[in-house]
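Written out below as structure tokens is the structure these notes cover.
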Amino acid sequence: MSPAVLMLLAWMIVPLGMTLYFSFLRYNLLMPGMEEFTGFGNYEFFLTDPAFLEALANTLLLVGGVLLGTVVGGTFLAILLDQPFWGRGIVRLLVIAPFFVMPTVSALVWKNMLMHPVNGLFAWITRGFGAEPVDWLADLPLFSITVIVAWGWLPFATLIILTALQSLDSEQKEAAEMDGAGPVSIFWYITLPHLARALTVVTLIETIFLLSVFAEIYVTTGGGPGTASTNLPFLIYIQALLQYDAGTASAGGVVAIILANIVAIFLIRMIGKNLET
Amino acid sequence: MARAVTPRRKLAFTVLAWAVGLTLFFPVLWTILTSFKTEGEAIATPPAFLFFDWTLENYVEVQERSNYLRHAMNSVIISVGSTLLGLLVAIPAAWSMAFSPTRRTKDILMWMLSTKMLPAVGVLMPIYLMCQWMGMLDSLISLVAILMLMNLPIIVWMLYTYFKEIPGDILEAARMDGASLSKEIIYVLTPMAVPGIASTMLLNIILAWNEAFWTLNLTASKAAPLTAFIASYSSPEGLFWAKLSAASTLAIAPILVMGWFSQKQLVRGLTFGAVK
Chain A
93 MSPAVLMLLA
103 WMIVPLGMTL
113 YFSFLRYNLL
123 MPGMEEFTGF
133 GNYEFFLTDP
143 AFLEALANTL
153 LLVGGVLLGT
163 VVGGTFLAIL
173 LDQPFWGRGI
183 VRLLVIAPFF
193 VMPTVSALVW
203 KNMLMHPVNG
213 LFAWITRGFG
223 AEPVDWLADL
233 PLFSITVIVA
243 WGWLPFATLI
253 ILTALQSLDS
263 EQKEAAEMDG
273 AGPVSIFWYI
283 TLPHLARALT
293 VVTLIETIFL
303 LSVFAEIYVT
313 TGGGPGTAST
323 NLPFLIYIQA
333 LLQYDAGTAS
343 AGGVVAIILA
353 NIVAIFLIRM
363 IGKNLET
Chain B
2 MARAVTPRRK
12 LAFTVLAWAV
22 GLTLFFPVLW
32 TILTSFKTEG
42 EAIATPPAFL
52 FFDWTLENYV
62 EVQERSNYLR
72 HAMNSVIISV
82 GSTLLGLLVA
92 IPAAWSMAFS
102 PTRRTKDILM
112 WMLSTKMLPA
122 VGVLMPIYLM
132 CQWMGMLDSL
142 ISLVAILMLM
152 NLPIIVWMLY
162 TYFKEIPGDI
172 LEAARMDGAS
182 LSKEIIYVLT
192 PMAVPGIAST
202 MLLNIILAWN
212 EAFWTLNLTA
222 SKAAPLTAFI
232 ASYSSPEGLF
242 WAKLSAASTL
252 AIAPILVMGW
262 FSQKQLVRGL
272 TFGAVK
């Protein structure tokens, strides 16, 4: 057993065990020494809280929205970048840049300089068309956060799809063209099946990361207005570090782990298959 | 035979691709431009794009008022420290898995991958409390350790896929020429492994630099890296957009450059070798 394995094992088992243990305790950090066993009380409290269902729905909407935007957008962008044009190297750099912007920066830049209802650039453009500016983060909080997060993940999808695209044998396409296939049928019957694997990988990996979106919500809406943009990680954060309710937060943590594992099983199978070849 | 490309077609794609590229890059560009404006110009309507009085005062003030350099240094310590520590632990593990795999190697690799799927928020409470008990909240040491453990699976995986590509024949050839094991490692394996190790390092520094869950939740001020420092601009009291932009530009510039250099490795590292 190498040190790496042992360290990871400890990192995995100790906190997980503690989370599981806390989740069965009535445990508030403001009342030390009052811990007592409460069975599934925390789970009942967490799962029946109306905020939970909304947070779950928000989590799924956020993941789904970002996935839709990045996978569809990334496919078209990758196909575009794969065409011959002048300055490919530079455009490629421009496109992947958002991925390297730290989440707190991207969220604040979008929130203030672009989406601000009075001084933001979008408001100025909207007024240019003679329309009333939209207060993005107040009126469409979840949608706005989806856009911000999708902006950051679009390069990731594009880059992976582009890599897969470039491994496509061009002779196959030429043969199809000679047989009279149009661009649409070439895309549908040759390109898309070839991309299937890359698209699956993008979807699964993004899902893992998107289930844990936190910083973007933390610095923009703080989960609000109300709970309109609270996702599961943010709800647990509120229970843990704002309400000091360690028991309920831990029960929520267990729920989040179960949710992530459902996705993880599929991803691990896919990558495991690849390992054999 | 390559297909002939008509100039008109190429021109059309050039225009389209540049338009899309510049649109996607615009928020970054806008941040950089705003960082050179005065606060008044930063919120002005209509916005000034290029014709404003360029100034460096935001950069000076960000440093003077909030000690920017200390937070930048924290970011460097956390990202570089956690990456180097991770490499130290991961290289022997990946090395032995790549060159002398056992029956269980694949299972161990898959299990390591599965630890990466553990959502951070699931262990927020225990990690926070452990740091509190040990008096390690707002401490660089705990962040280095946590980020190291968090990225360890990616480091092991990336190294493993790189080491795997070193051909075994070359070792045999060296042995035939009478190289000892130590010579084999120093003169044959190491030079071939260095590029893989370097790209692994680069990608992990990027990931650790931008990490914004643990850095936000476990730091207050002393150990706050740039992610947390910039988050402090989210307070609604003031609109310091020019200063926010200056701090942001400085925070993303080094990582942007590193990222541009490591595009290829990025795909490989983030897909655990599933897409190359």
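Taken in sequence, the protein lines are chains A and B. Numbers in the numbering used here are just positions in the first sequence, counted from 1, shifted up by 92. Numbers in the numbering used here are just positions in the second sequence, counted from 1, shifted up by 1. C-beta atoms are modelled at their ideal positions from N, C-alpha and C, and glycine is treated no differently.
Q) How about the region 129 to 139 of chain A and the region 277 to 286 of chain A: do they share at least three Cβ pairs that are nearer than 8 Å? A) no
Between B:Phe14 and chain A, is any beta-carbon pair separated by less than 8 Å?
Counting from 1 along the second sequence, the entry for residue 14 of chain B is found at position 13. Yes, B:Phe14 counts as interfacial toward chain A.
_Please list, in chain order, the chain B residues whose beta carbon lies closer than 7 Å to that of A:Gly364._
Locating residue 364 of chain A in the first sequence gives position 272, where the first residue counts as 1. Correct list: Met111.
Determine the direct distance from the alpha carbon of A:Asn120 to that of A:Val163, and round the result to whole angstroms.
The residue given as residue 163 of chain A occupies position 71 in the first sequence. The residue given as residue 120 of chain A occupies position 28 in the first sequence. The straight-line gap from Cα to Cα measures roughly 42 Å.
For the alpha helix (DSSP H) containing B:Ala73, name the first residue and the last one. By 1-based counting over the second sequence, the position of residue 73 of chain B is 72. In the DSSP annotation of this structure, the continuous segment of the alpha helix (DSSP H) that includes B:Ala73 starts and ends at Tyr69 to Phe100.
Say whether chain B places a C-beta atom closer than 8 Å to the C-beta of A:Leu108. The sequence position of residue 108 of chain A within the first sequence is 16, counting from 1. The Cβ of A:Leu108 sits closer than 8 Å to at least one Cβ of chain B.
Between the region 201 to 225 of chain A and chain B, which residues of the former have a C-beta closer than 7 Å to a C-beta of the latter? Val201, Trp202, Asn204, Met205, Leu206, Asn211, Leu213 and Trp216
Can you name the residues that DSSP bridges to A:Arg118? As a working mapping, residue 118 of chain A is identified with position 26 in the first sequence. BP columns for A:Arg118 point to A:Glu128.
Write down every uninterrupted run of the alpha helix (DSSP H) in the region 196 to 242 of chain A whose length is 4 residues or greater and which is fully enclosed by it, in chain order.
213 to 220 and 228 to 231
Is A:Thr255 close to chain B? Criterion is C-beta to C-beta, closer than 8 Å. Counting from 1 along the first sequence, the entry for residue 255 of chain A is found at position 163. Yes, A:Thr255 counts as interfacial toward chain B.
- How many angstroms separate the CA atom of A:Ala307 from the CA atom of B:Ile44? Translated into the one-based positions of the first sequence, residue 307 of chain A becomes position 215. Translated into the one-based positions of the second sequence, residue 44 of chain B becomes position 43. Those two C-alpha atoms are separated by around 24 Å.
- Message: Assuming A:Gly165 is part of the alpha helix (DSSP H), what are its boundary residues?
- Response: Within the first sequence, numbered from 1, the residue matching residue 165 of chain A stands at position 73. Unbroken alpha helix (DSSP H) run through A:Gly165: Pro142 to Leu173.
_What are the residues in the region 292 to 305 of chain A lying within 7 Å of chain B by C-beta distance?_
Within the region 292 to 305 of chain A, the residues whose Cβ lies closer than 7 Å to any Cβ of chain B are, in chain order, Val293, Ile297, Ile300, Leu303 and Ser304.
Just the Cα atoms here: how many angstroms apart are A:Thr369 and A:Thr295? Start at 1 with the first residue of the first sequence, and residue 369 of chain A comes out as number 277. Start at 1 with the first residue of the first sequence, and residue 295 of chain A comes out as number 203. Any reading at A:Thr369 needs caution, since the residue's pLDDT is 48, under 50, leaving its predicted position unreliable; the model's value is listed next. Answer to the nearest angstrom: the Cα atoms are 22 Å apart.
Exercise. Consider the Cβ of A:Trp280: report whether some Cβ of chain B lies at a distance smaller than 8 Å.
Key: As a working mapping, residue 280 of chain A is identified with position 188 in the first sequence. For A:Trp280, the answer is no, since every Cβ of chain B falls outside 8 Å of its Cβ.
Query raised in the report: If you follow the alpha helix (DSSP H) that B:Ala254 is part of, which residue opens it and which one closes it?
Result: For the purposes of this step, residue 254 of chain B is identified with residue 253 of the second sequence, where counting begins at 1. In this chain, the alpha helix (DSSP H) harbouring B:Ala254 covers Trp242 to Phe262.
- Query: Mapping DSSP to helix, strand and coil, what is B:Asp54?
  - Reply: By one-based count along the second sequence, residue 54 of chain B stands at place 53. Note: B:Asp54 maps to coil in three-state DSSP.
**Prompt:** Between A:Gly274 and chain B, is there a C-beta pair that is closer than 8 Å?
**Reply:** Locating residue 274 of chain A in the first sequence gives position 182, counting from the first residue. No, its Cβ sits nowhere closer than 8 Å to a Cβ of chain B.
Tell me, please, which residues DSSP counts as bridged to B:Asp178. The residue labelled residue 178 of chain B in the question sits at position 177 within the second sequence. Note: B:Asp178 sits in no beta bridge, so no partner.
- Query: If you pair each beta-carbon of the region 196 to 211 of chain A with each one of the region 121 to 130 of chain A, do three or more pairs fall below 8 Å?
  - Reply: no
### Message
Under 8 Å, Cβ to Cβ, is there at least one residue of chain A near B:Gly123?
### Response
The sequence position of residue 123 of chain B within the second sequence is 122, counting from 1. Interface flag for B:Gly123 against chain A is set, since a Cβ pair is found closer than 8 Å.
Residues of its chain near A:Trp245, where Cβ-Cβ distance is below 7 Å and the 5 sequence neighbours each way are ignored = Your numbering for residue 245 of chain A matches position 153 in the first sequence. Here the set comprises Val158, Thr162 and Glu298.
- Message: Going by C-alpha to C-alpha distance, which of B:Ile207, B:Asn211, B:Pro168 and B:Phe241 sits closest to B:Met259?
- Response: Along the second sequence, read from residue 1 onward, the residue named residue 259 of chain B stands at position 258. Distances from the CA of B:Met259 to each of B:Ile207, B:Asn211, B:Pro168 and B:Phe241 were compared; the closest alpha carbon is that of B:Ile207.
Check your understanding: Considering B:Val21, what are the terminal residues of the alpha helix (DSSP H) in which it resides?
Key -> For the purposes of this step, residue 21 of chain B is identified with residue 20 of the second sequence, where counting begins at 1. It spans Pro8 to Thr35 - the alpha helix (DSSP H) in which B:Val21 sits, taken as one unbroken run.
Worksheet entry | Closest Cα partner of A:Phe114 within the set A:Val311, A:Met270 and A:Thr340 | Residue numbering aside, residue 114 of chain A sits at position 22 when the first sequence is read from its first letter. Minimum Cα distance to A:Phe114 is reached at A:Thr340.
Run of the alpha helix (DSSP H) containing A:Val311, from where it starts to where it stops
By one-based count along the first sequence, residue 311 of chain A stands at place 219. Start and end: Ala307 to Val311.
> Can you tell me whether DSSP reads A:Asp44 as helix, strand or coil?
Replying inline: Any question about residue 44 of chain A goes unanswered here, given that chain A covers just 93 to 369.
**Nearest neighbour of A:Ser198, chosen from B:Thr250, B:Met159, B:Gly197 and B:Ala13 [CA to CA]** = Reading the first sequence from its first residue, position 106 is the one you call residue 198 of chain A. Taking only the C-alpha atoms, the option nearest A:Ser198 is B:Thr250.
Original post:
Which whole-angstrom value is the C-beta distance of B:Leu271 and A:Phe358, which I expect to be below 8 Å?
Top reply: By one-based count along the second sequence, residue 271 of chain B stands at place 270. By one-based count along the first sequence, residue 358 of chain A stands at place 266. Wrong, their Cβ atoms sit about 17 Å apart, outside the cutoff.
*asked:* Counting only C-beta atoms, is A:Phe116 closer than 8 Å to chain B at any point?
replied: Here residue 116 of chain A corresponds to residue number 24 of the first sequence, with the count starting at 1. Cβ-Cβ to chain B under 8 Å: no for A:Phe116.
Q: With distances taken Cα to Cα, identify the nearest neighbour of B:Leu34 among B:Thr46, B:Thr15 and B:Asp54.
A: Numbered from its first residue, the second sequence carries residue 34 of chain B at position 33. Comparing Cα-Cα distances from B:Leu34 to each of B:Thr46, B:Thr15 and B:Asp54, the minimum goes to B:Asp54.
Using only CA atoms, which one of A:Leu100, A:Pro107, A:Gly156 and A:Val97 lies nearest to B:Cys132? In the second sequence, the residue the question calls residue 132 of chain B occupies position 131. Residue A:Pro107 is the option with its Cα nearest to B:Cys132.
| Helix, strand or coil for A:Val187 per DSSP? | Numbered from 1 along the first sequence, position 95 holds the residue referred to as residue 187 of chain A. The answer is helix: DSSP assigns A:Val187 an H, G or I state.
Is the Cβ of B:Asn211 closer than 8 Å to any Cβ of chain A?
By one-based count along the second sequence, residue 211 of chain B stands at place 210. Closer than 8 Å: yes.
- prompt: Mind checking B:Thr191: buried by the 16 CB within 10 Å criterion, or exposed?
  reply: Taking the first residue of the second sequence as 1, we reach residue 191 of chain B at position 190. B:Thr191 should be labelled exposed.
Next item on the list: Tell me, to the nearest whole angstrom, how far the beta carbon of A:Asn411 is from that of A:Thr322; I am working on the premise that it is less than 8 Å.
Entry: Any answer about residue 411 of chain A is impossible in this case: the structure gives chain A only from 93 up to 369.
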